[in-house]
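*Asks:*
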Amino acid sequence: MSVSVSVHEGTIEAVRARVGKRGVSGYVEAAIQRQIERDGLAELIAANEEIHGPLTDEEIRAAEEKMFGGSTEAAA
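Per this note's numbering, the sequence shown starts with residue 152, numbered consecutively.
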């Protein structure tokens, strides 16, 4: 199935500069899929926060340290 969408000229020019004229559809499809994934993650986070409440700053720092190692604090 095909649909038509409106895209600002500057946006479509930026896409074409990256992928060429023939790659636009694939690029847009991939972008839409990423957005659908992000929307799904946002829904999961909202559902989790509804059940357990939002994460504390301490929980976020602990998760960042586990994921990225070491201190995640910005250098002063």
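Beta carbons are placed, not taken as given, at the ideal position from N, Cα and C, and that holds for glycine. Given the structure is predicted, the values throughout are model-derived calculations rather than measurements.
Using a Cβ-Cβ cut-off of 8 Å (strictly less than) and excluding sequence neighbours within five positions of V154, which residues of its own chain qualify?
*Replies:* Position 3 of the sequence shown holds residue 154. For V154, where only same-chain residues beyond five positions count, there are no Cβ hits under 8 Å.
*Asks:* Within this structure, are the beta carbons of E169 and Y178 separated by less than 8 Å?
*Replies:* On the sequence shown, residue 169 is found 18 positions in, with the first residue counted as 1. On the sequence shown, residue 178 is found 27 positions in, with the first residue counted as 1. Note that residue 169 is Arg in the sequence shown, not Glu. For R169 and Y178, yes; Cβs fall inside 8 Å.
*Asks:* In angstroms, rounded to a whole number, what distance separates the CA positions of E210 and T162?
*Replies:* What you label residue 210 is simply residue 59 of the sequence shown in a count that begins at 1. What you label residue 162 is simply residue 11 of the sequence shown in a count that begins at 1. Rounded to whole angstroms, E210 to T162 spans 38 Å at the Cα level.
*Asks:* Which residue comes first and which comes last in the alpha helix (DSSP H) that contains G191?
*Replies:* Locating residue 191 in the sequence shown gives position 40, counting from the first residue. Where G191 is concerned, the enclosing alpha helix (DSSP H) stretches over V175 to H203.
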